[in-house]
Amino acid sequence: MPVKQLPETLINQIAAGEVIERPASAAKELIENAIDAGATRIEIATAGGGKSLVRITDNGCGMDTADLDLAVRRHCTSKISDTLDEIRTLGFRGEALPSIGSVAKLTITSRRQGDPEGAQVTVAGGRMSPVRPAAANTGTVVEVRDLFFATPARLKFLKSERAEAAAITEMVKRMAIAFPSIRFVLSGPDRSTLELSATGDDQLARIAQILGPEFRDNAIEIDAEREDVSLKGFVGVPTFNRGNSAHQYAFVNGRPVQDKLILSAIRGAYAETVPSGRYPVAVLSIQLDPAFVDVNVHPAKADVRFRDPGLVRGLIVGAIREALAREGSRASTTGGYGLMRAFRTGTDQARAPWHADQSPSRPLAEGRGFSEGQQAAFDSLTVPSGRTEAPDQPDAISRAENTVSPISFANHRLGAARAQLHENYIVSQTDDGLVIVDQHAAHERLVFEEMRKALDAGRLASQALLIPEIVDLPEEDCDRLMAHARDLDRFGLTIERFGPGAVAVRETPAMLGEIDAAHLVRDLADEIAEWNTAGGLRSKLENVAATMACHGSVRSGRRLRPEEMNALLRQMEATPGSGQCNHGRPTYIELKLSDIERLFGRS
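Residues in the sequence shown are numbered from 8 upward in steps of one, following the numbering used here.
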């Protein structure tokens, strides 16, 4: 079969299959053109989820008759010259307009500033009409009707009108975050109007327009640089998380991208703080020399390729972890909002069993996660052998000696303890409100951080058992445990095989004090079964530390004295990441005095 040249219309339709996948793709290309044209106001109108109509109106520089004639021809562009090494615009391939015109009915009306009149060109199914004069304001109006009418097979692959409209909305939001100085308006009969006023240089204000005002209250600013690669943006505190990754936005030199390396770096940075199945919220902007990044990986321009991917990933992970260490002890304000809703509605909120292994009346062992200066306050929590704890009062509220706590809360972020509710929740008064702390979740995090620091310094101290404890387990669990016996020994947990279906525990971590060794070993066997086939040594060791920390923490049902509660609050303030437990759940919620006053109609 002889080789032949394909007709121009068919070439454009083939290109459209890569460039224009759905209505949102067409809208994205047209909005990028408007931004490259210097627009400060962009209006987007859709109908039928973008299948029937996509209209983009901008106040950019506009085009004259000669520009319009070339703009709808393949590989005609004003944005690059002879090289792809210095791409500083969003568009550059010269394929979008001819691709759209080959599969839809495309009309472009434009007028340059200073020109007496505008011009208009129409392309329908790849057939171009001559450019003609037209009345127009300064700027450009691009109208796409009946998308894929020339390739009806493509219509079968589109989703419902509502789904396609949602995809356009999400795309507009991403573009709006990238360019806060531009006003965006999205409207049409198939949607409610979305108007995003320009916020100038205040990117956080624009992000709040998209993600809601809660993000402003829960955001941590990122500003880092490494080897001429800069990273700016905002990330949410770990407890401000979502059920999917749709609230993670990444930009490279102003270009919205959905790059796997960047998303993986965000996931890695939060690996120790966000629970499984939940996703952090992040808006990150990377700036680097255009010569060091290839944006020509795919016609849709959603992927990029960095010359030094390790540098970029390291910068993202390091910057986020540094920010979390600096401010990650903050708890999400969503807990306070939830508390306000509960008070307003008068209904109990469903509470998930965060720690099913919690049991009352468990002693707090010596040295669990507290600094030397605070250890004395917790020494009294250790119960001598043979004694059991019993509350000395029947009521559910334990008051701080029925007096105002001697500790001033003015200089402490988490305030001063005032009461303990149901032997589980510490109520603290702050300078401008109150804080409710889950004592087990909070202390679990403190123990975990102490174990991590001790692990970095070497093997954790252990205490030998006078009589080794024999733990019966399925043979496969014994095999898993013994395969990691050397790692467990670094934590001060020494085990040996004791027949085919048991292990002998000879030493336990001194930091945990008196613990249920059998319960700990069984939990570790379950953990190892979960991550035995994947992950590096460090992540595995930290999984072990998290499990041990849970066994070595203040239990629910443990009554604390005022000095003990305040020691816990002070240690939380000094510990990075104390705003969430090892499973990523919040350790405390905060309610401002202004919110409390609103509940009582005082403001």
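In this text, a Cβ means the ideal position worked out from N, Cα and C, and glycines have one as well. Everything numeric in this text was worked out from a predicted model, so none of it was measured.
Need the endpoints of the beta strand (DSSP E) that residue i sits in, please.
i	result
I6	As shown, the chain starts at 8 and ends at 610. That puts residue 6 outside it, with no answer to give.
R513	509–516
T200	No beta strand (DSSP E) holds T200; DSSP gives it neither H nor E.
D479	469–479
V128	125–131
I51	48–54
A426	423–428
E483	Here E483 belongs to no beta strand (DSSP E); instead the alpha helix (DSSP H) covers 482–490.
S194	190–194
R504	501–504
V264	262–264
Give me whichever residues DSSP pairs with residue i in a beta bridge.
i	result
Q578	Bridge partners of Q578: none, in fact.
Y595	V444
V148	T64, T116
V290	F241, Y256
R611	As shown, the chain starts at 8 and ends at 610. That puts residue 611 outside it, with no answer to give.
A141	G125
V300	F313
Taking the Cβ atom as the reference point for each residue, do residue i and residue j lie within a distance shorter than 8 Å?
i	j	result
R420	L462	no
K180	D153	no
Q587	P245	yes
G584	T280	yes
A126	R134	no
N248	Q294	no
A475	R504	The sequence shown places Pro at residue 475, rather than the Ala named in the question. For P475 and R504, no; Cβs fall outside 8 Å.
V478	A525	yes
L575	G440	no
T129	G69	no
Q436	L567	no
L495	V510	no
M178	K35	yes
G243	A215	no
S117	L75	yes
F241	E232	no
V324	A276	yes
P507	E482	yes
I175	P14	no
I115	A78	yes
L97	R262	yes
L453	M579	yes
Counting only the same chain and skipping the five closest in sequence on each side, list residues whose C-beta sits under 7 Å from that of residue i.
i	result
D197	T53, A54, G55, G56, E168, A172
D230	K239
D266	A257, D310, V311
A532	L480, D484, R487, L488
E379	Note that E379 scores 47 on pLDDT, short of 50, meaning its location in the model is unreliable; the coordinates nonetheless yield the value given after this. Nothing listed; no residue qualifies.
T72	A126, V138
P316	L268
A492	I502
Between which two residues does the alpha helix (DSSP H) holding residue i run?
i	result
I107	103–110
E39	30–43
K163	Here K163 belongs to no alpha helix (DSSP H), and DSSP marks it neither H nor E.
D235	That residue, D235, is in no alpha helix (DSSP H); it is neither H nor E in DSSP.
P220	220–225
E604	600–606
I269	267–276
A73	72–78
V319	316–334
With a CB to CB cut of under 8 Å and the five nearest residues on each side skipped, what residues in its chain are close to residue i?
i	result
G47	Here the sequence assigns Thr to residue 47, which means Gly is not the residue at that position. So the qualifying residues of the chain are N66, S188, I189, R190, A205.
R285	N248, R249, G250, G591
A517	G374, L467, A468, S469, Q470, G499
I217	K180, A183, I184, L203
V300	V259, N260, V311, R312, F313, R314
F186	I42, G261
So, for residue i: in the same chain, excluding its five sequence neighbours on each side, which residues have a beta-carbon less than 6 Å away from its beta-carbon?
i	result
D399	In this prediction, D399 scores a pLDDT of 48, lower than 50, which makes its location untrustworthy; no coordinate-derived value is stated.
M572	A424, I433
A33	I27, V61, I107, V151
R81	P105
G207	S188
A332	P583
| Is it a yes or a no for the segment 582–594 touching the segment 444–456, going by three-plus beta-carbon pairs under 8 Å? | Yes, they touch.
| message | Below 8 Å, how does it come out for the segment 227–240 and the segment 270–277: are there three or more Cβ pairs, yes or no? | response | Touching, no, given that fewer than three Cβ pairs across the two stretches are closer than 8 Å.
| message | Within 8 Å, do at least three Cβ pairs link the segment 189–207 to the segment 132–151? | response | Contact between the segment 132–151 and the segment 189–207 is absent, because fewer than three Cβ pairs lie under 8 Å.
| Contact the segment 252–262 vs the segment 275–291: 3+ CB pairs below 8 Å | Touching, per the Cβ criterion.
| Counting Cβ pairs, one atom from each stretch, are 3 or more of them under 8 Å apart for the segment 115–125 and the segment 33–43? | The segment 115–125 makes no contact with the segment 33–43; the number of CB pairs closer than 8 Å stays below 3.
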